[in-house]
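Accompanying notes for the structure given below.
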Amino acid sequence: MKTIENRVEFTKEMKEEYTILAPDIFPMHMRLLGKVFEWYGYKIDFLHYQGKEVIDTGLQYVHNDMCYPAICSIGQLLYALKCGDYDPHKVALVLFQTGGGCRASNYIKLLRKALKNMGMEFVPVISLNFSGMEKNSGFKITPLMLYKGIMSLVYGDMLMLLRNQVKPYEVNPGETEALVDTWVDKLARQFEHNKGLVSKGVQRNFDALVKDFHDIERTSEKKIKVGVVGEIYVKYSPFGNNNLERFLEEQGCEVMVPGVLAFFQYCFHDDVTDFKLYGMGPVSHHVSALAEYVMSKMEHRMLTALKKYPDFVAPSDFNEIKKHGDNIIHRGVKMGEGWLLPAEMIELIESGYNNIVCAQPFGCLPNHIVGKGVIRTLKEMYPYSNVCPIDYDAGATKVNQENRIKLMLAVAKEQE
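Each position in the sequence shown, counted from 1, maps to that position plus 18 in my numbering.
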């Protein structure tokens with residue numbers, strides 16, 4: 019049925035028969051997150067379409083001046099409807115909305131407009147948000163489901179970090195990926211029975227996780243260490259960044275990508291900042307502060323497990339990241355990735371990842387300011403830092419992007 023806003027609602031009846039399609043943004047984390055949705059009765063597919071046809075589909079229905087993540091994510095969703103893999107009358111589409119000042123909060127409107135232009139305005143579009151921007155009777159996130167979703171991010175961060183530090187050095191090719199698969203299945207079974215979610219169960223899992231990855235036989239070969247920061251979509255999505263992590267691994271690098279958990283902590287902390295600076299959210303900022311605290315407790319357990327094995331590089335906790343940010347920019351700068359982006363660059367440099375790829379969608383003004391805009395200051399603070407900003411856009415060529423990264427790696431080799 020249509021609401022007064024002229025949008026198609028995802029109803030309880032649809033939940034039984036429809037497949038929900040979502041863009042693939044966090045490949046590691048979504049493997050576990052998808053299981054959480056399935057246990058609560060939703061059939062969800064994360065889309066992995068890539069290539070020129072997908073981009074062209076996005077460009078056809080989204081203005082080319084719109085930010086690149088919109089073209090990619092909406093392009094994937096529309097391509098899924100056009101390519102014949104799904105019945106358009108039995109699918110719903112989902113997009114995440116932050117509710118902030120970024121244009122990402124308007125992707126939903128663009129997607130609905132595109133569906134209308136395709137003659138498919140009957141396809142429901144679900145907004146996944148925590149600010150009550152839109153509601154659907156057939157799509158409810160319960161407190162336990164939300165908590166399991168958060169824990170999917172926590173475990174996903176741990177798996178991503180360990181994989182990236184072990185895979186480049188593994189003696190037996192494929193052993194690291196096989197262990198990732200084993201742990202995703204193990205955690206999924208635990209989540210289904212409400213295990214591995216709190217206190218001792220979480221710590222046991224973290225300890226076992228780190229030990230299992232530590233026990234993989236590795237070489238002592240020295241590799242160039244490269245950190246990746248940037249706008250959240252092109253930072254994590256292989257489609258959005260032209261398989262950046264894989265390319266760096268093929269170039270003989272060890273890659274460090276700061277975790278997703280820090281971004282969500284940053285989002286919640288922004289509510290606290292709004293209250294301190296502007297008096298906004300006199301009640302809701304307490305909820306955000308509590309959410310940030312709960313995430314920090316999980317983060318602490320993760321770091322406790324990692325620090326038992328000094329050969330693994332443990333990330334800084336969020337309180338330390340906030341201090342890093344204070345050294346370069348005010349916490350009131352919070353459009354896009356805001357102060358978090360330069361804070362993560364400082365964390366990477368101080369952790370030994372002096373070479374950094376700053377992935378930015380072309381035309382994303384906030385991230386150009388807090389990314390490319392702080393490189394000079396970073397260079398003054400850390401003269402040995404080697405930061406390479408890379409613009410991602412529908413008109414940018416993969417060859418040019420990779421050549422710029424190769425130039426950065428050449429500089430890194432000279433500095434060794």
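Cβ atoms here follow ideal geometry from the backbone N, Cα and C, with glycine treated the same way.
Item to check | Span separating the alpha-carbon of E77 from that of A412 | outcome: Working through the sequence shown from its first residue, we reach residue 77 at position 59. Working through the sequence shown from its first residue, we reach residue 412 at position 394. The displayed chain sequence assigns Leu, not Glu, to residue 77. Their backbone Cα atoms lie some 8 Å apart in a straight line.
Checklist entry - For M363, which of helix, strand or coil comes out of DSSP? => result Reading the sequence shown from its first residue, position 345 is the one you call residue 363. M363 falls in the helix class under three-state DSSP.
Checklist entry - Where does D11 fall in DSSP's three states? => result Any question about residue 11 goes unanswered here, given that the chain covers just 19 to 434.
Next on the checklist: Can you list, in chain order, the residues of its chain with a C-beta nearer than 8 Å to that of T21? Leave out the 5 residues immediately preceding and following it.
Outcome noted: Counting from one through the sequence shown, the residue named residue 21 turns up at place 3. Confidence in T21 is poor, its pLDDT being 46 and thus under 50, which makes the residue's placement too unreliable to answer from.
Item to check | Cα-Cα separation between K416 and D409, rounded to whole angstroms | outcome: One-based indexing of the sequence shown puts residue 416 at position 398. One-based indexing of the sequence shown puts residue 409 at position 391. Roughly 10 Å between the two C-alpha positions.
Checklist entry - S217: buried (16+ other C-beta within 10 angstroms of its C-beta) or exposed? => result Start at 1 with the first residue of the sequence shown, and residue 217 comes out as number 199. It is exposed - the Cβ of S217 has fewer than 16 other Cβ atoms within 10 Å.
Checklist entry - Can you give the beta carbon distance from C376 to V351, rounded, assuming they're within the 8 Å contact cut? => result Here residue 376 is taken as the residue at index 358 of the sequence shown, counted from 1. Here residue 351 is taken as the residue at index 333 of the sequence shown, counted from 1. In fact, because the Cβ distance is near 16 Å, the residues do not count as touching under 8 Å.
Next on the checklist: I'd like to check one pair, P186 with E267: are the Cβ atoms closer than 8 Å?
Outcome noted: Within the sequence shown, the letter at position 249 stands for residue 267. Within the sequence shown, the letter at position 168 stands for residue 186. Yes. Within cutoff.
Checklist entry - Going along the chain, which residues of its own chain have a beta-carbon closer than 6 Å to the beta-carbon of M19, five neighbours each way excluded? => result Numbered from its first residue, the sequence shown carries residue 19 at position 1. Note that M19 scores 45 on pLDDT, short of 50, meaning its location in the model is unreliable; the coordinates nonetheless yield the value given after this. The residues are E27.
Checklist entry - By how many angstroms is the C-alpha of C101 removed from the C-alpha of E31? => result Mapped onto the sequence shown, residue 31 falls at position 13. Mapped onto the sequence shown, residue 101 falls at position 83. The straight-line gap from Cα to Cα measures roughly 26 Å.
Item to check | Residue closest to K325, alpha-carbon to alpha-carbon, out of T395, C382, L227 and L279 | outcome: For the purposes of this step, residue 325 is taken as residue 307 along the sequence shown, with counting starting at 1. Selected option, being the one with the closest Cα: L227.
Checklist entry - In the region 22-54, which residue ranges form an unbroken beta strand (DSSP E) of at least 3 residues, counting only runs that do not cross its ends? => result 37-41
Next on the checklist: Within the continuous beta strand (DSSP E) that includes I62, where are the two ends?
Outcome noted: Counting from 1 along the sequence shown, the entry for residue 62 is found at position 44. I62 -> beta strand (DSSP E) spans K61 to L65.
Checklist entry - Should L113 be labelled buried (16 or more other beta-carbon atoms within 10 Å of its own) or exposed? => result Here residue 113 is taken as the residue at index 95 of the sequence shown, counted from 1. Looking at its Cβ environment, which holds 16 or more other Cβ atoms inside 10 Å, L113 is buried.
Checklist entry - Helix or strand or just coil, what does DSSP make of G245? => result Locating residue 245 in the sequence shown gives position 227, counting from the first residue. Strand at G245.
Checklist entry - Who pairs with C406 in a beta bridge, going by DSSP? => result For the purposes of this step, residue 406 is taken as the residue at position 388 of the sequence shown. Paired residues: V375.
Checklist entry - Among Q94, G192, L51 and N223, which one has its Cα closest to the Cα of V72? => result Looking up residue 72 in the sequence shown gives position 54. Ranking the options by Cα distance to V72, first place goes to Q94.
Checklist entry - For A88, which option in L128, S302, I234 and I393 has the closest C-alpha, if you only look at C-alpha atoms? => result Position 70 of the sequence shown, counted from the first residue, corresponds to residue 88. The candidate whose alpha carbon is nearest that of A88 is L128.
Checklist entry - Between E310 and the rest of its own chain, which residues show a CB-CB distance below 6 Å, the 5 nearest in sequence each way excluded? => result For the purposes of this step, residue 310 is taken as residue 292 along the sequence shown, with counting starting at 1. So the qualifying residues of the chain are Q283, F286 and H287.
Item to check | L425 to N418 span [Cα, whole Å] | outcome: For the purposes of this step, residue 425 is taken as the residue at position 407 of the sequence shown. For the purposes of this step, residue 418 is taken as the residue at position 400 of the sequence shown. Between L425 and N418, the C-alpha separation is close to 11 Å.
Checklist entry - Count the other CB atoms within 10 Å of the CB of T291; is the residue buried (16 or more) or exposed (fewer)? => result Residue numbering aside, residue 291 sits at position 273 when the sequence shown is read from its first letter. Buried, since its Cβ has 16 or more Cβ neighbours within 10 Å.
Checklist entry - Just curious, the beta strand (DSSP E) that L111 is in, first and last residue? => result Mapped onto the sequence shown, residue 111 falls at position 93. That run of the beta strand (DSSP E) goes V109 to F114.
Next on the checklist: Beta-carbon within less than 6 Å of M46's beta-carbon, same chain only, minus the 5 sequence neighbours each way: which residues are those?
Outcome noted: Numbered from 1 along the sequence shown, position 28 holds the residue referred to as residue 46. For M46, where only same-chain residues beyond five positions count, the Cβ hits under 6 Å are G174, L177 and M178.
Checklist entry - Starting from S145 and walking both ways along the beta strand (DSSP E), at which residues does that stretch end? => result Stepping through the sequence shown from its first residue, residue 145 is reached at position 127. That run of the beta strand (DSSP E) goes V143 to L146.
Next on the checklist: Taking the straight line between their C-alpha atoms, what separation do you get for K340 and P401?
Outcome noted: As a first step, residue 340 is located in the sequence shown; it is residue number 322 there, counting from the start. As a first step, residue 401 is located in the sequence shown; it is residue number 383 there, counting from the start. Between the alpha carbons of K340 and P401 lies a gap of roughly 22 Å.
Checklist entry - Relative to the alpha-carbon of H318, which residue among P328, D329, S334 and A307 has its alpha-carbon at the smallest distance? => result Residue 318 sits at position 300 when you count from the first residue of the sequence shown. Out of P328, D329, S334 and A307, S334 has the C-alpha closest to the C-alpha of H318.
Checklist entry - Is it the case that the Cβ atoms of V331 and L171 are separated by a distance below 8 Å? => result Here residue 331 refers to the residue found at position 313 when the sequence shown is read from its first residue. Here residue 171 refers to the residue found at position 153 when the sequence shown is read from its first residue. Going by C-beta atoms, V331 is not nearer than 8 Å to L171.
Item to check | Alpha-carbon to alpha-carbon, P106 and E434 | outcome: For the purposes of this step, residue 434 is taken as the residue at position 416 of the sequence shown. For the purposes of this step, residue 106 is taken as the residue at position 88 of the sequence shown. Taking the straight line from one Cα to the other gives about 54 Å.
Checklist entry - Mind checking S403: buried by the 16 CB within 10 Å criterion, or exposed? => result As a first step, residue 403 must be located in the sequence shown, where it is residue number 385. The residue in question, S403, is buried, as its Cβ has 16 or more Cβ neighbours within 10 Å.
Checklist entry - DSSP three-state call for R440: helix, strand or coil? => result Residue 440 is absent from the model: the chain starts at 19 and stops at 434.
Checklist entry - Helix, strand or coil: how does DSSP classify N190 here? => result Here the question's residue 190 lines up with position 172 in the sequence shown. It is coil, neither helix nor strand.
Checklist entry - Which residues does DSSP pair with E272 in a beta bridge? => result If you number the sequence shown from 1, residue 272 lands on position 254. E272 pairs with K243.
Checklist entry - Straight-line CA distance for M138 to E272? => result Residue numbering aside, residue 138 sits at position 120 when the sequence shown is read from its first letter. Residue numbering aside, residue 272 sits at position 254 when the sequence shown is read from its first letter. One C-alpha to the other measures close to 44 Å.
Checklist entry - Rounded to a whole number of angstroms, what is the C-alpha to C-alpha distance between H66 and I43? => result Within the sequence shown, the letter at position 48 stands for residue 66. Within the sequence shown, the letter at position 25 stands for residue 43. Computed Cα separation, rounded: 9 Å.
Checklist entry - What's the C-alpha gap between G52 and V184? => result Here residue 52 is taken as the residue at index 34 of the sequence shown, counted from 1. Here residue 184 is taken as the residue at index 166 of the sequence shown, counted from 1. For G52 and V184, the distance between alpha carbons rounds to 25 Å.
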